[in-house]
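If you read the sequences in order, they're chains R and W.
Residues in the first sequence are numbered from 138 upward in steps of one, following my numbering.
Residues in the second sequence are numbered from 30 upward in steps of one, following my numbering.
Here's the structure we're looking at; comments come further down.
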Amino acid sequence: MNAVAMPARVASRTLASSDHKRIAGAACMVAFAFFLAGGLLALLMRSQLAADGGVVSQQTYNELFTMHGSTMVYLVIVPVALAVGLYFVPLQVGAAEIAGPRVALAGLWMLLCGGVSMWSGFLTSGGAAAASWWGFDPLSDSIHSPGSGMELWIFGVMLATLGQILWAGCILSTALRRRAPGMTLMRMPVFTWTMVVTCVMVVFGFPALLLALGLLWAQRHFGDVLVDGAGAVDYQALFWFYGHPVVYVMFFPFVGMVGEVLATFSSRRFFGYSAFVVALLAFAGLSMTVWAHHMYTFGVLSNKYFALTSTALIVPAGIEYFDFLATLWRGRLRFTTSFLFALGFLVQFLVGGLTGVILASPPLDYGLNMSYFVVAHFHYTIFAGSAFGLFAGIYYWFPKITGAMLRERLGKLHFVLMVIGTNVTFFPMFILGAEGMTRRIARYPASTGWQGLNILETAGSVVIALSVLVFMWNMLVSLRDRREAGDDPWGAQTLEWATSSPPPRHNFHELPPIRSYAPLLDLREAREEVGV
Amino acid sequence: MRRAAVVLLVWGLWLAVLTGVQAVFAPKLIQFAIPAVASAACVLVGLVVWALDIRQEQVDGPRLITDSSVATIALVVGVAVALIGAGFGLWLILIGVGIMALGLGGVVREQRERSRELRREGLR
Chain R
138 MNAVAMPARV ASRTLASSDH KRIAGAACMV AFAFFLAGGL LALLMRSQLA
188 ADGGVVSQQT YNELFTMHGS TMVYLVIVPV ALAVGLYFVP LQVGAAEIAG
238 PRVALAGLWM LLCGGVSMWS GFLTSGGAAA ASWWGFDPLS DSIHSPGSGM
288 ELWIFGVMLA TLGQILWAGC ILSTALRRRA PGMTLMRMPV FTWTMVVTCV
338 MVVFGFPALL LALGLLWAQR HFGDVLVDGA GAVDYQALFW FYGHPVVYVM
388 FFPFVGMVGE VLATFSSRRF FGYSAFVVAL LAFAGLSMTV WAHHMYTFGV
438 LSNKYFALTS TALIVPAGIE YFDFLATLWR GRLRFTTSFL FALGFLVQFL
488 VGGLTGVILA SPPLDYGLNM SYFVVAHFHY TIFAGSAFGL FAGIYYWFPK
538 ITGAMLRERL GKLHFVLMVI GTNVTFFPMF ILGAEGMTRR IARYPASTGW
588 QGLNILETAG SVVIALSVLV FMWNMLVSLR DRREAGDDPW GAQTLEWATS
638 SPPPRHNFHE LPPIRSYAPL LDLREAREEV GV
Chain W
30 MRRAAVVLLV WGLWLAVLTG VQAVFAPKLI QFAIPAVASA ACVLVGLVVW
80 ALDIRQEQVD GPRLITDSSV ATIALVVGVA VALIGAGFGL WLILIGVGIM
130 ALGLGGVVRE QRERSRELRR EGLR
């Protein structure tokens, strides 16, 4: 094979493949590249705040936080959450492939085109979009945000979102209509159930964003679409009908990953499976009806209703936490890196969740809205929570995907650095927010006395960056100097571990009997009973 | 497999109930309309899935499909270029539509190839 044909073939196999595992792998690589880019923007912002506003201008700072938020939400966490589902849902339900493989491939390329479009704004004369990740009208209209950067952002977000809707359709269809014989709905693994509710939310919630962005584009070009105050409220209503459910889209899949990890490494069946499934469905429904708590301070929608639904979220969340803890109770715990990240998720997400209860109350939200308290809250949910859940999943499933084990010692170093970095970066934000430090300001007066904590936060962000470098080093070392994983290195419970690592093109050569949501555990227990 | 639709129907109805509760709080039309449309869409899709499940046999094994599809990529790139063209001018839209047409042709070709293959295998 000549020098041109070889890379072309590799590119074709990686980027044009209709195999759900390759599509998911490529999506994760794309998302990881954007994660590094978005992380770099975060480091620049932290440098700005540590250097007392002396690194970039306010306009550049606006572009930085807009592109950081947009990248992390539209191009990293949501795509990764769905990509993991794209890889593992067919395996967990015993399907030979994903439903609609070409549609899934289209989703990958929409993500790629969307990301390139958003980021190419930096190459335009007016700079990238600078109206925050929600692009509110009138800040994002042609008067306040002139230039191509905003246009490219609108189209980029539209493409990435459309791709996510396509993926969600494929995953949902696979889980509901492609299950192996014996795999009834109430035998689907915990992770698959979390993907089902996630995908339902994506399919029926995300189109609101496409509509909002379409209206925004029309407003920029023709005017008189989002007029006066009502237009801005309508845009926000449509946006937040996407914008709050997306928080749960960035949460549920990682809840599922953590559930799988906790059950496997405590060597116990997942506790309260049926209650967990019911709680998930209730949770997903509620999470589609809390969106206007982002608009409390507008005072034009029914704050009481949204306060009620936002507070009611505690009930299903409490059931899920109870199930997690009860799964651990009296289990034979194995403190692997994956398990540690899952524990990190449990503890740190609790901080994010409980501070969410504070923000669910309109009187308290009036005081904290647009402050760093909110920034701390959502970083504790998305980063300290979901990202830890994601790493739990990565350390757990990496052997299945690659056939090689990640190094445990490096993994634990990664975990320790990430816990320190995360809490040093984000916890002081609660204090600063409570003291009145507002978001999206490039420079604060010295008289506020916030500089010390800002420097501490920046130091924390450097530790996070260091932890990511350790993780990358771990992957590199583990792939170059392979320690073979075998089919099931953890003694896991679900179907994906019943096939080879990595799985073959059509996933399984044969399937074990499926009599519960933990078929491999059933097999082991049956063998123990007969003394094999 | 008919229970698959139940997930969508139950969830859609649950969302409808939560939307309905708003009535007590004198909602603005938009805060009522958005979740109402979402719940109606979910129930509708649930009913469609139900109908499909009654009419169709479930597909268990792998289906014959091309292992890689460059045509799909061309189709998506065409859509992206045409969409971005909406902000930059007709010339870019036309280029996008052209790429889209190429991609669509490729996808149709792949589908016909698949049908031929299925006939050859005696599966259809």
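Glycine included, every Cβ here is placed at the ideal spot set by N, Cα and C.
All values derive from a computational prediction rather than experimental measurement.
Quick one: using the 10 Å Cβ neighbour count with 16 as the cut-off for buried, is residue i buried or exposed?
| i | result |
| --- | --- |
| W:M129 | buried |
| R:K441 | exposed |
| R:M138 | A caution first: R:M138 carries a pLDDT of 49, below 50, which makes its placement in the model unreliable, though a value can still be read off. By the 10 Å Cβ count, R:M138 comes out exposed. |
| R:Q196 | exposed |
| R:I280 | exposed |
| W:I113 | buried |
| R:H358 | exposed |
| R:M295 | buried |
Say whether chain R places a C-beta atom closer than 8 angstroms to the C-beta of residue i.
| i | result |
| --- | --- |
| W:G116 | yes |
| W:L147 | no |
| W:R138 | no |
| W:I83 | no |
| W:W120 | no |
| W:S98 | yes |
| W:V77 | no |
| W:R124 | Position check: residue 124 of chain W holds Ile in this sequence, whereas Arg was assumed. By this cut-off, W:I124 is not an interface position. |
| W:R143 | no |
| W:A22 | Coverage of chain W is limited to positions 30 through 153, which leaves residue 22 of chain W absent and any answer about it impossible. |
| W:A70 | yes |
| W:A33 | yes |
| W:L47 | yes |
| W:Q80 | Reading off the sequence shown, one finds Ala at residue 80 of chain W, where the question assumed Gln. It does not; no Cβ of chain R falls within 8 angstroms. |
| W:L112 | yes |
| W:I102 | yes |
| W:A130 | no |
| W:L73 | no |
For residue i and residue j, I'd like the C-alpha separation in whole angstroms.
| i | j | result |
| --- | --- | --- |
| W:A80 | W:P64 | 24 angstroms |
| R:F563 | R:G570 | 11 angstroms |
| R:L501 | R:T492 | 11 angstroms |
| R:A429 | R:G623 | 49 angstroms |
| W:T95 | R:F341 | 30 angstroms |
| R:L314 | R:E662 | The residue you asked about is not Leu; residue 314 of chain R is Arg in the sequence shown. Rounded to the nearest angstrom, the two C-alpha atoms are 29 angstroms apart. |
| R:M432 | R:L616 | 47 angstroms |
| R:G222 | R:S269 | 28 angstroms |
| R:M574 | R:P565 | 11 angstroms |
| R:T331 | R:F461 | 14 angstroms |
| R:S277 | R:T434 | 20 angstroms |
| R:I538 | R:A524 | 19 angstroms |
| R:C250 | R:L375 | 24 angstroms |
| R:M555 | R:L248 | 28 angstroms |
| R:A174 | R:F343 | 25 angstroms |
| R:S447 | R:V414 | 20 angstroms |
Report the residue from the options whose alpha carbon sits nearest the alpha carbon of residue i.
| i | options | result |
| --- | --- | --- |
| R:D189 | R:I578, R:H431 and R:V600 | R:I578 |
| R:D618 | R:D624, R:W610 and R:L483 | R:W610 |
| W:I122 | W:T101, W:V110 and W:T48 | W:V110 |
| R:L477 | R:S498, R:A463, R:G522 and R:I495 | R:G522 |
| R:Y509 | R:L547, R:R576, R:T446 and R:I557 | R:R576 |
| R:R324 | R:V230, R:Y385, R:G396 and R:T401 | R:V230 |
| R:L212 | R:L180, R:A168, R:S184 and R:G222 | R:A168 |
| W:F61 | W:Q140, W:V77 and W:V46 | W:V46 |
| R:G125 | R:S285, R:P641, R:A602 and R:A164 | Nothing can be reported for residue 125 of chain R: it is not among the residues displayed for chain R, which extend from 138 to 669. |
| R:M255 | R:T474, R:M287 and R:Y224 | R:M287 |
| R:V384 | R:V334, R:W466, R:I519 and R:I308 | R:I519 |
| R:T311 | R:A241, R:L249 and R:G668 | R:A241 |
| R:A655 | R:A349, R:R620, R:G360 and R:S404 | R:S404 |
| R:T426 | W:V36, W:V35, W:I124 and W:W40 | W:W40 |
If we cut at 8 angstroms on Cβ distances, does residue i have a partner in chain W?
| i | result |
| --- | --- |
| R:S424 | no |
| R:C250 | yes |
| R:K441 | yes |
| R:R324 | no |
| R:W246 | yes |
| R:V327 | no |
| R:L375 | yes |
| R:D659 | no |
Chain-ordered residues of the segment 298 to 317 of chain R with a beta carbon less than 9 angstroms from chain W: L299, G300, L309, S310, A312, L313, R314, R315, R316 and A317
Interface residues of the segment 268 to 299 of chain R facing chain W [CB-CB below 8 angstroms]: S285, E288, L289, I291, F292, M295 and L296
Interfacial residues, the segment 633 to 656 of chain R to chain W, with Cβ spacing under 9 angstroms: R642, H643 and N644
Residues of the segment 141 to 173 of chain R with Cβ closer than 8 angstroms to any Cβ of chain W, in chain order: Among the residues of the segment 141 to 173 of chain R, those with a Cβ less than 8 angstroms away from any Cβ of chain W are S149, R150, L152, A153, S154, S155 and D156, in the order of the chain.
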